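Okay, structure first, notes after.
Protein chains: 2
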Amino acid sequence: MLSEESIVQQLSISGYRITRPRRAVIRALLEDEGYSSPARVRERARRYCASVGLVTVYRTLDLLSQMGFARRIHTENDCHGYAAANHGHHHHLVCRQCGATVEFKGCDLSRFLVRVSEETGYVIENHLLELEGLCSSCQ
Amino acid sequence: MLSEESIVQQLSISGYRITRPRRAVIRALLEDEGYSSPARVRERARRYCASVGLVTVYRTLDLLSQMGFARRIHTENDCHGYAAANHGHHHHLVCRQCGATVEFKGCDLSRFLVRVSEETGYVIENHLLELEGLCSSCQ
DNA sequence: TTGTGTGCAAAATCTTTGCACTTCG
DNA sequence: CGAAGTGCAAAGATTTTGCACACAA
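Chain order of the listed sequences is A and B.
The opening position of the first sequence corresponds to residue 137 in my numbering, with each subsequent residue numbered one higher.
The opening position of the second sequence corresponds to residue 137 in my numbering, with each subsequent residue numbered one higher.
So this is what it looks like as structure tokens:
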């Protein structure tokens with residue numbers, strides 16, 4: 137499971153330094169139920185590191201994305217939000233009205249992926265699937 | 137099938153005026169094999185209406201999207217490109233090594249989507265699916 | 001101590017808005 | 001002719017860069 141400590145540990149192992157601003161961004165992401173723009177991540181992060189700048193948030197989100205701990209969330213008209221990503225397999229379902237984000241697992245694409253693989257000659261290693269719709273309260 | 141004339145006709149029926157700049161943007165989109173940023177759409181459109189401005193391209197892309205004749209294309213780090221909706225429902229398969237991109241159609245997620253919908257209470261309206269792997273020459 | 005990481009300010013992009021002029025219908 | 005549409009310039013928003021200073025390791 138994803139926790140501040142496990143992320144910090146991985147960063148450290150990979151040679152990155154553990155700083156107050158980085159911890160603040162990580163915490164902000166983890167406590168976020170939905171997904172947030174960099175600016176919004178910063179607002180949250182400020183609770184843990186009042187001086188954190190937007191630039192650092194951008195850089196940290198980049199880093200976390202590369203490490204697989206955060207993911208850019210794509211919705212129909214916006215791809216500027218980020219959410220914490222469990223390293224394992226999961227997807228996001230986003231409400232287009234209020235932005236509420238739910239993670240779910242257990243997508244079964246295997247047969248479909250086999251077909252695409254056969255048709256294209258690619259070895260498929262990864263897939264990104266995002267769903268968008270209306271949550272129950274926005275319907 | 138999508139053609140300049142059929143789009144123009146629909147716009148007209150819906151009460152929009154048929155102008156040179158709009159035709160130019162439509163033609164630019166239709167002849168585009170892939171997808172393009174607004175700036176790039178404008179470059180192409182200039183062949184048909186040299187004076188067309190970026191602002192008009194933005195507004196026209198908006199209009200066409202609303203009408204369902206254009207679609208915003210999402211890739212991992214960019215969701216600012218547009219393509220004619222002509223190309224229908226499709227997804228991208230990208231090689232992580234060399235970046236070669238293939239489009240494919242015919243994903244069948246319906247049963248899966250029903251399940252997620254039941255579990256979450258969301259009405260699912262849209263999905264974004266991207267595959268990543270190794271193309272045949274990179275394997 | 002040392003070099004990675006940070007914040008600030010400024011630059012570079014990208015997108016939207018206000019407004020007077022054009023032009024379709 | 002009248003209102004919708006256009007281009008320009010300017011404003012807004014978002015993201016990146018350069019640089020001197022701070023601070024993990």
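Glycine is no exception: its CB is placed at the ideal position from the N, C-alpha and C atoms.
Since we're looking at a predicted model, the values are computed, not measured.
Can you give me the Cβ contacts of T196(B) inside the same chain, cut-off strictly under 6 Å, excluding the 5 residues immediately before and after it?
So the list reads R158, V161, once near-sequence residues are dropped.
Segments of 4+ residues assigned as alpha helix (DSSP H) that fall wholly inside the segment 181-226 of chain A:
190-203
Are A206(B) and A186(B) closer than 8 Å when you measure CB to CB?
no
When the Cα atoms are used, what is the spatial distance from M203(A) to G151(B)?
50 Å
On the DSSP letters alone, give me the boundaries of the beta strand (DSSP E) that L264(A) sits inside.
259-270
Find the residues of chain A that neighbour S272(B), judging by a C-beta separation of less than 9 Å, and give them in chain order.
T256, G257, Y258, V259
Does the segment 141-151 of chain B come into contact with the segment 237-251 of chain A, if we say contact requires no fewer than three beta-carbon pairs (one atom in each stretch) closer than 8 Å?
no
Taking DSSP as the reference, what is the three-state secondary structure of S173(A)?
coil
With T237(A) as the anchor, note down where its alpha helix (DSSP H) starts and where it stops.
Run containing T237(A): none in the alpha helix (DSSP H); it sits in the beta strand (DSSP E), 237-240.
In three-state terms, what does DSSP make of C276(A)?
Any question about residue 276(A) goes unanswered here, given that chain A covers just 137 to 275.
Buried/exposed call for R208(A), threshold 16 Cβ in 10 Å:
buried
Work out the CA separation of L166(B) and S139(B) for me, nearest whole Å.
Rounded to the nearest angstrom, the two C-alpha atoms are 8 Å apart.
Measuring only the C-alpha atoms, how far is H227(B) from E266(B)?
6 Å
Can you give me the C-alpha to C-alpha distance between V193(A) and F248(B), rounded to a whole angstrom?
36 Å
Under 8 Å Cβ-Cβ, which residues of chain A neighbour R208(B)?
The contacting residues are E212, N213.
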